[in-house]
Amino acid sequence: MAGKGRRTAEEAPLDLVPIMNLVTILIPFLLMSAQFVTLAVIDSTLPAIGPPQEVQEEPDEPPLMLSIAVTDQGFTVLGDNGVVTGEAEEGAEGEEAEGDPEPTIPCAERPCTSAESYDYEELTRMLSLIKDEYPDDQNVILVPEGRIQYEVIVRTMDSTREDKTQKGEDDSSRELFPFVVIAGGAQ
Amino acid sequence: MALKKKKRVQKREELAITSMMDMMTIILVFLLKSYASTEVTVTPSGDMQLPTSTAKKAPELAVQLMVSKTEILVDGVPVLNLTTVQDEENPGQMMIAVPEDEKKGQMITDLYDRLLDKAEQAKALGEASGSEQHAFKGRILLQCDQTLPFTVIREVMYTAGQAQFSEFKFVVYKTE
Numbered sequence: 029m030a031g032k033g034r035r036t037a038e039e040a041p042l043d044l045v046p047i048m049n050l051v052t053i054l055i056p057f058l059l060m061s062a063q064f065v066t067l068a069v070i071d072s073t074l075p076a077i078g079p080p081q082e083v084q085e086e087p088d089e090p091p092l093m094l095s096i097a098v099t100d101q102g103f104t105v106l107g108d109n110g111v112v113t114g115e116a117e118e119g120a121e122g123e124e125a126e127g128d129p130e131p132t133i134p135c136a137e138r139p140c141t142s143a144e145s146y147d148y149e150e151l152t153r154m155l156s157l158i159k160d161e162y163p164d165d166q167n168v169i170l171v172p173e174g175r176i177q178y179e180v181i182v183r184t185m186d187s188t189r190e191d192k193t194q195k196g197e198d199d200s201s202r203e204l205f206p207f208v209v210i211a212g213g214a215q
Numbered sequence: 011m012a013l014k015k016k017k018r019v020q021k022r023e024e025l026a027i028t029s030m031m032d033m034m035t036i037i038l039v040f041l042l043k044s045y046a047s048t049e050v051t052v053t054p055s056g057d058m059q060l061p062t063s064t065a066k067k068a069p070e071l072a073v074q075l076m077v078s079k080t081e082i083l084v085d086g087v088p089v090l091n092l093t094t095v096q097d098e099e100n101p102g103q104m105m106i107a108v109p110e111d112e113k114k115g116q117m118i119t120d121l122y123d124r125l126l127d128k129a130e131q132a133k134a135l136g137e138a139s140g141s142e143q144h145a146f147k148g149r150i151l152l153q154c155d156q157t158l159p160f161t162v163i164r165e166v167m168y169t170a171g172q173a174q175f176s177e178f179k180f181v182v183y184k185t186e
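Chains as they are written, first to last, in our numbering: chain A, 29 to 215; chain B, 11 to 186.
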């Protein structure tokens with residue numbers, strides 16, 4: 029009886045060598061195809077070219093036609109009725125016609141030297157207020173100047189897409205204007 | 011005494027493999043998790059640094075147009091080289107641009123020809139397969155270096171638009 033017990037104790041160690049072989053082969057293979065950065069895409073369509081759009085019924089409210097001009101001075105937010113200025117200056121709207129109009133959201137330093145000097149948070153905050161007024165609008169037109177770096181355009185699209193500071197439906201961040209069209213650009 | 015000695019020798023033959031197995035299992039799980047399952051891949055290089063974005067949409071397979079600091083590639087095949095020119099408004103600073111003799115107006119001729127070929131191929135393929143899923147929709151994946159000026163991107167977008175690609179997908183690195 030005692031001898032039998034001893035035998036089971038000796039048989040106990042598993043033969044792990046085949047598993048080890050498998051694992052050592054799998055690890056280099058997986059390391060090779062591992063993805064350490066994840067990619068995403070931002071959709072955008074061309075405004076003019078493409079199949080003709082269905083003629084939509086005349087909406088009750090005029091569309092907002094929200095556009096954002098990106099210049100080396102900052103962001104200028106435009107709606108269908110002219111340049112959107114800060115809340116405080118709303119009364120003075122329409123009076124500034126001569127000279128270069130001031131950007132709605134100027135850079136920290138002017139002219140903007142890097143992608144960091146643009147005030148994306150303020151742009152998101154302002155668009156959030158506009159979204160309150162026009163909850164059904166989803167389109168925004170970006171009009172970047174020729175020398176604006178691609179990084180700035182992408183970050184502007186990020187700040188127009190969603191507002192991370194506010195919660196929307198299903199507990200994700202609030203959606204602002206997710207459909208971006210990039211226009212020809214201000215020369 | 012003789013029995014005891016023999017037993018000790020047998021024990022020494024075993025390799026202490028358990029801890030190594032633990033480590034391997036953890037590495038295996040981690041690597042399986044980060045296994046690249048998407049069709050779209052980027053080849054990082056010094057000339058090509060994608061911007062980061064909070065976008066969440068996953069990339070899908072389409073014609074890949076890559077614009078690095080020095081050249082333009084379509085599906086990994088080089089089409090033309092870019093140059094640097096003097097920035098007119100900021101003297102002394104250099105700006106990446108498409109060479110003047112490569113374009114007609116805003117259109118980059120070589121790129122247009124190549125993209126038109128791709129569009130024809132995709133259309134023929136779509137018709138041959140006959141399914142709605144593979145039909146040509148004019149999708150194009152744009153991978154652009156983050157420091158490129160908008161003029162270059164505008165010309166590339168215009169050319170792609172002329173070659174019937176109207177649904178742009180800007181590829182970016184996702185931030186968690």
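Don't be surprised by glycine CBs; every beta carbon is placed ideally from N, CA and C.
Quick one: is A/Q166 near chain B, going by C-beta distance under 7 Å? Chain B contact via Cβ: absent.
Return helix, strand or coil for A/I176, following the three-state DSSP convention. It is coil, neither helix nor strand.
Residues of chain A with CB closer than 8 Å to the CB of B/P61, please, in chain order. Per Cβ cutoff of 8 Å: Y178, E179, V182 and R183.
Going by alpha carbons, who is nearest to B/E112 out of B/Y122, B/M105, B/Q103 and B/M104? Ranking B/Y122, B/M105, B/Q103 and B/M104 by Cα distance to B/E112 puts B/Y122 first.
Indicate the three-state DSSP secondary structure (helix, strand or coil) for B/D57 in the structure shown. Three-state result, B/D57: coil.
For the alpha helix (DSSP H) that contains B/K171, what are its first and last residues? The residue you asked about is not Lys; residue 171 of chain B is Gly in the sequence shown. Residues F160 to Q172.
Is it the case that the Cβ atoms of B/V84 and B/R124 are separated by a distance below 7 Å? Inclusion of B/V84 and B/R124 in the CB contact set at 7 Å is warranted, their separation being smaller than that value.
Does the beta-carbon of B/K147 have 16 or more other beta-carbons within 10 angstroms, so that it is buried, or is it exposed? Exposed: under 16 other Cβ atoms inside 10 Å.
Taking Cβ-Cβ distances shorter than 7 Å, what residues in chain B pair up with A/G174? Taking a Cβ-Cβ cut-off of 7 Å, the neighbours of A/G174 in chain B comprise P159, F160 and T161, given in sequence order.
B/S44 - DSSP class collapsed to helix/strand/coil: If DSSP states are grouped into helix, strand and coil, B/S44 belongs with coil.
Taking the beta strand (DSSP E) that A/A68 belongs to, which residues open and close that run? For A/A68, the enclosing beta strand (DSSP E) starts and ends at L67 to T73.
How would you write the range of the beta strand (DSSP E) that B/Q4 sits in, first residue to last? With chain B covering only 11 through 186, there is no way to say anything about residue 4 of chain B.
Counting C-beta neighbours from all protein chains within 10 Å, is the total for A/A97 16 or more, i.e. buried, or is it exposed? That one is buried.
Against chain B, with Cβ distances strictly below 7 Å, would A/V208 count as a contact? Answer no: the Cβ-Cβ gap between A/V208 and chain B never drops below 7 Å.
Going by DSSP, what residues sit across from B/Q6 in a beta bridge? Residue coverage of chain B in this structure runs from 11 to 186, which leaves residue 6 of chain B outside it and unanswerable.
Take A/D147 and list the residues in its own chain whose beta-carbon comes closer than 8 Å to its own, dropping the five residues that flank it on each side. Same-chain partners within the cutoff: G102, F103, I133, P134, C135 and A136.
Keeping to the same chain, check which residues put their C-beta closer than 6 Å to that of A/K220; ignore five residues upstream and five downstream. Limits of chain A in this structure are 29 at one end and 215 at the other, which puts residue 220 of chain A out of reach.
Where does B/K128 fall in DSSP's three states? B/K128 falls in the helix class under three-state DSSP.
When the Cα atoms are used, what is the spatial distance from A/K159 to A/F205? Between A/K159 and A/F205, the alpha-carbon positions lie close to 8 Å from each other.
For chain B, is any of its Cβ atoms less than 7 Å away from the one on A/T152? No, because no Cβ of chain B sits closer than 7 Å to the Cβ of A/T152.
Are the C-beta atoms of B/K79 and some chain A residue less than 7 Å apart? The beta-carbon of B/K79 is placed no less than 7 Å from the nearest beta-carbon of chain A.
Are any of the Cβ atoms in chain B nearer than 7 Å to that of A/I158? Interface residue (Cβ-Cβ distance to chain B less than 7 Å): A/I158 is not classified as such.
Beta-carbon proximity list for A/P139, same chain, < 7 Å, skipping 5 on both sides: Within the same chain, and ignoring the five residues on either side of A/P139 in sequence, the residues whose Cβ sits closer than 7 Å to its Cβ are D100 and Q101.
Give me the Cα-Cα distance between A/G78 and B/V87, rounded to the nearest whole angstrom. Low confidence applies to A/G78: its pLDDT is 41, below 50, so where it sits in the model is not reliable, and the reading given next is rough at best. Computed Cα separation, rounded: 26 Å.
Within chain A, partners of B/Y45 - CB distance below 8 Å: Within chain A, the C-beta atoms nearer than 8 Å to that of B/Y45 come from L58, S61, A62 and Q63, in chain order.
Is there at least one Cβ from chain A nearer than 7 Å to B/S29's Cβ? Chain A contact via Cβ: absent.
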